[in-house]
Amino acid sequence: MSAVTLTARRPAEATGGSPRGALRRVLALPLVLSLTVLMPAFVALQPGTGLRDQVFWLQLVLTVYAGARLSAMILGRHRKLLQGTFWLFVYMAMGIAALAQDVVGKTPVPVAGSRSDLAEAVALVLVACVAFDAGAVLVRPGARSTARTVFRPAMVSRRRLALLIAVAFAGSGLFVMKLGGLSVFFASRMEINESIATSGLSTPGSQASTAILRGFGTVPALLALMVVTRWLITSPRARGRPLPWIALVALVGLNGIVNNPISNPRYWFLTVLLALLFTVFPQSPAMYRAALSLGVAAAVLIFPFADRFRYDEANTRATETSSVLDPLVLKDYDQMAMFANTITYADAGNGHTYGRQLAGSALFFVPRSVWTDKPKDTGVMVSEWMAAANTNRSSPLWAELWLDFGPFGMVAGFGLIGWASARVDRRYARVVAHPGPASILTLAVPLVAGYSFILLRGPLLQASGRVAIGIMCLALITTLRPERWRQLR
Numbered sequence: 002m003s004a005v006t007l008t009a010r011r012p013a014e015a016t017g018g019s020p021r022g023a024l025r026r027v028l029a030l031p032l033v034l035s036l037t038v039l040m041p042a043f044v045a046l047q048p049g050t051g052l053r054d055q056v057f058w059l060q061l062v063l064t065v066y067a068g069a070r071l072s073a074m075i076l077g078r079h080r081k082l083l084q085g086t087f088w089l090f091v092y093m094a095m096g097i098a099a100l101a102q103d104v105v106g107k108t109p110v111p112v113a114g115s116r117s118d119l120a121e122a123v124a125l126v127l128v129a130c131v132a133f134d135a136g137a138v139l140v141r142p143g144a145r146s147t148a149r150t151v152f153r154p155a156m157v158s159r160r161r162l163a164l165l166i167a168v169a170f171a172g173s174g175l176f177v178m179k180l181g182g183l184s185v186f187f188a189s190r191m192e193i194n195e196s197i198a199t200s201g202l203s204t205p206g207s208q209a210s211t212a213i214l215r216g217f218g219t220v221p222a223l224l225a226l227m228v229v230t231r232w233l234i235t236s237p238r239a240r241g242r243p244l245p246w247i248a249l250v251a252l253v254g255l256n257g258i259v260n261n262p263i264s265n266p267r268y269w270f271l272t273v274l275l276a277l278l279f280t281v282f283p284q285s286p287a288m289y290r291a292a293l294s295l296g297v298a299a300a301v302l303i304f305p306f307a308d309r310f311r312y313d314e315a316n317t318r319a320t321e322t323s324s325v326l327d328p329l330v331l332k333d334y335d336q337m338a339m340f341a342n343t344i345t346y347a348d349a350g351n352g353h354t355y356g357r358q359l360a361g362s363a364l365f366f367v368p369r370s371v372w373t374d375k376p377k378d379t380g381v382m383v384s385e386w387m388a389a390a391n392t393n394r395s396s397p398l399w400a401e402l403w404l405d406f407g408p409f410g411m412v413a414g415f416g417l418i419g420w421a422s423a424r425v426d427r428r429y430a431r432v433v434a435h436p437g438p439a440s441i442l443t444l445a446v447p448l449v450a451g452y453s454f455i456l457l458r459g460p461l462l463q464a465s466g467r468v469a470i471g472i473m474c475l476a477l478i479t480t481l482r483p484e485r486w487r488q489l490r
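In our numbering, the protein residues as written are 2 to 490.
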């Protein structure tokens, strides 16, 4: 009896003369014009007090460039999950939103330095994006891949899946008990934070225990649901057994508690949605293109207003808008401004950290009582230097790499990220298109694609907990010697 793989059939679009291919060609021009011309022009022509100076023109160039690259991701024959989500984030957070802020003349967080620092930030983002593309180009699409020497066939073991499900229920159960019961998860994020504060998990200056508990309470539950879902979709034998269906129903209920949009940050819930979407439809060109295309609309129309459950009714803030661009100016998209503030922070005499911030993120689990001078997350550090009342600010990956390694290190870092993303995307496309051993990539790539919004937004220190626990869970269900394990079939 052969193992059933976590793969799906080759899409009909693989043939160039398919109706889907023809539809793609028909929609190509309107999509490209919308992302590269119409939307940037609409934003740029809105009334506002912003200056039409170097910052504005650099920002416009960055937006058009990101729009062109996002269009290429949507219209391409192959689904590139990691590259596609990268360009979706760049287009909205570093492109359209930052352009709107420059037009209106307002930013979500004050820009502490001069306009030259902001111009430098925009220019560095643009150069890093070009480096990302250059790194991706190095992975030649027509060449025979040698990736199998790196990505060895990795099977998903049935025994290890059972262990992961047990870990998921144990971790989520402990999370629920520590926070005081189920009702907290359906109140508000404010109540969740208050429950964490009163539970004794969070101590001043250290949130390692909180990050670990949150990670074990949410990540194993999501990953177990992804594995069981793919198992049922691809295996007729599994669909004929009651146990996988019982596991699916139980895991859906568990995720409805610990991973619901009420008690979780919007970026994490977005991770959950995209990870499940790409797990259920790994080859569907329609779902992939819809996710990227509708992601642009959702970022403007839904995402800025999706923090309704952050506060309880007594503390809910009224949303006031005086301009169509206000959702992009007053809410979440502070990434470009915070990058500029990071440049100002370093230029003010603080300098670069030469890997220290990255080390703090990688070693997030080390308590501050042991590592007394452990670095704070970059967003908090820069916000405290600015004497900002609210220090819960983002620190985009551009700022993290620039502060640690300088401009050349940042550019090299994004070139490496582009190369790795293209390499993994190509390997992922091959794995899901051909029958064969169930690769861990069929689970890891959708999860990373969804979580990339959090990694790109930063700070890395806040994102590290779930990353580490996700890696542990993937290692738990993976074996590189499948003949010794009963496989999912």
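Yeah, the Cβ is synthetic: ideal placement off N, Cα and C, and Gly gets one too.
Please report how far the alpha carbon of residue i lies from the alpha carbon of residue j, in whole angstroms.
i: Val-126; j: Gly-96; result: 10 Å
i: Ile-478; j: Pro-397; result: 31 Å
i: Ala-67; j: Leu-233; result: 38 Å
i: Leu-61; j: Leu-100; result: 7 Å
i: Tyr-312; j: Arg-238; result: Interpretation of Tyr-312 is limited by its pLDDT of 49, a score under 50 that renders its predicted location unreliable; no figure is taken from the coordinates.
i: Ala-135; j: Tyr-355; result: 24 Å
i: Thr-37; j: His-79; result: 21 Å
i: Val-185; j: Ser-264; result: 8 Å
i: Leu-183; j: Val-177; result: 6 Å
i: Val-131; j: Val-412; result: 9 Å
i: Pro-266; j: Ala-299; result: 16 Å
i: Leu-139; j: Gln-358; result: 29 Å
i: Lys-179; j: Arg-215; result: 11 Å
i: Asn-261; j: Ala-251; result: 15 Å
i: Ser-422; j: Ala-137; result: 7 Å
i: Arg-318; j: Ser-236; result: For Arg-318, the predicted structure reports a pLDDT of 47, less than 50, and the residue's modelled location is therefore unreliable. The matter cannot be settled from this model.
i: Ala-120; j: Leu-59; result: 7 Å
i: Gly-471; j: Leu-71; result: 27 Å
i: Val-253; j: Ser-465; result: 25 Å
i: Thr-150; j: Ala-360; result: In this prediction, Thr-150 has a pLDDT of 36, which is less than 50 and means its spatial position is unreliable; what the coordinates show is noted afterwards. Distance between the alpha carbons of Thr-150 and Ala-360: 29 Å.
i: Ala-430; j: Arg-160; result: 27 Å
i: Asp-118; j: Ala-29; result: 37 Å
i: Pro-376; j: Arg-369; result: 9 Å
When you compare each of the options to residue i by their alpha carbons, which one comes out closest?
i: Ala-248; options: Leu-164, Asn-260, Met-288, Phe-43; result: Leu-164
i: Pro-41; options: Trp-399, Phe-366, Gln-102; result: Gln-102
i: Leu-226; options: Val-38, Ile-166, Pro-31; result: Ile-166
i: Phe-365; options: Pro-447, Pro-109, Pro-262, Ala-469; result: Ala-469
i: Val-112; options: Ser-422, Val-433, Ala-338; result: Ala-338
i: Leu-331; options: Leu-180, Gly-466, Ala-94, Glu-385; result: Ala-94
i: Leu-444; options: Val-228, Phe-43, Gly-106; result: Val-228
i: Ser-35; options: Gly-181, Ala-69, Leu-162; result: Ala-69
i: Trp-246; options: Arg-231, Lys-81, Val-259; result: Arg-231
i: Met-473; options: Ala-287, Ala-45, Phe-217, Val-128; result: Phe-217
i: Lys-107; options: Ala-137, Leu-162, Gly-49; result: Gly-49
i: Pro-286; options: Gly-85, Arg-159, Leu-119, Val-367; result: Gly-85
i: Arg-1; options: Phe-282, Thr-211, Lys-375, Ile-303; result: What the structure shows of the chain is the stretch from 2 to 490, and residue 1 is not part of that stretch, so it cannot be assessed.
i: Ala-476; options: Trp-386, Leu-162, Val-65, Leu-39; result: Leu-162
i: Pro-447; options: Val-371, Ala-360, Leu-275; result: Leu-275
i: Leu-271; options: Leu-39, Ile-303, Gly-241, Asp-118; result: Ile-303
i: Gly-77; options: Pro-376, Leu-293, Arg-242; result: Leu-293
i: Val-44; options: Val-65, Leu-295, Met-387, Ile-213; result: Val-65
Using a Cβ-Cβ distance under 7 Å, would residue i count as near chain B?
i: Asn-351; result: You won't find chain B in this structure, because it holds only one protein chain.
Hey, residue i and residue j: beta-carbon distance below 7 Å or not?
i: Val-104; j: Gly-51; result: yes
i: His-353; j: Gly-407; result: yes
i: Val-110; j: Arg-458; result: no
i: Arg-116; j: Val-56; result: yes
i: Arg-290; j: Ile-441; result: no
i: Gln-463; j: Asp-378; result: yes
i: Pro-432; j: Gln-284; result: Before going further, note that residue 432 is Val rather than Pro in the sequence given. No, the Cβ-Cβ distance between Val-432 and Gln-284 is not below 7 Å.
i: Ala-400; j: Phe-340; result: yes
i: Gln-47; j: Leu-326; result: yes
i: Leu-402; j: Thr-343; result: no
Pop quiz: residue i and residue j are said to be a contact at Cβ under 8 Å. What is the actual Cβ separation, rounded to whole angstroms?
i: Ala-450; j: Phe-279; result: 6 Å
i: Val-301; j: Leu-277; result: With 8 Å as the limit, Val-301 and Leu-277 do not qualify as a contact, their Cβ atoms being about 23 Å apart.
i: Phe-133; j: Gly-419; result: 4 Å
i: Ser-362; j: Leu-461; result: 4 Å
i: Val-381; j: Thr-392; result: 5 Å
i: Ala-188; j: Leu-255; result: At roughly 18 Å, the Cβ-Cβ gap does not stay under 8 Å, so Ala-188 and Leu-255 are not in contact.
Are the region 207-227 and the region 172-180 touching by the rule of at least three beta carbon pairs closer than 8 Å? Touching, per the Cβ criterion.
Using 8 Å as the cut-off, can you tell me whether the region 426-434 makes contact with the region 335-350, which would need three or more C-beta pairs spanning the two stretches below that distance? Short answer: they don't touch.
Cβ contact check for the region 446-456 and the region 80-94: 3 or more pairs under 8 Å: The region 446-456 is in contact with the region 80-94.
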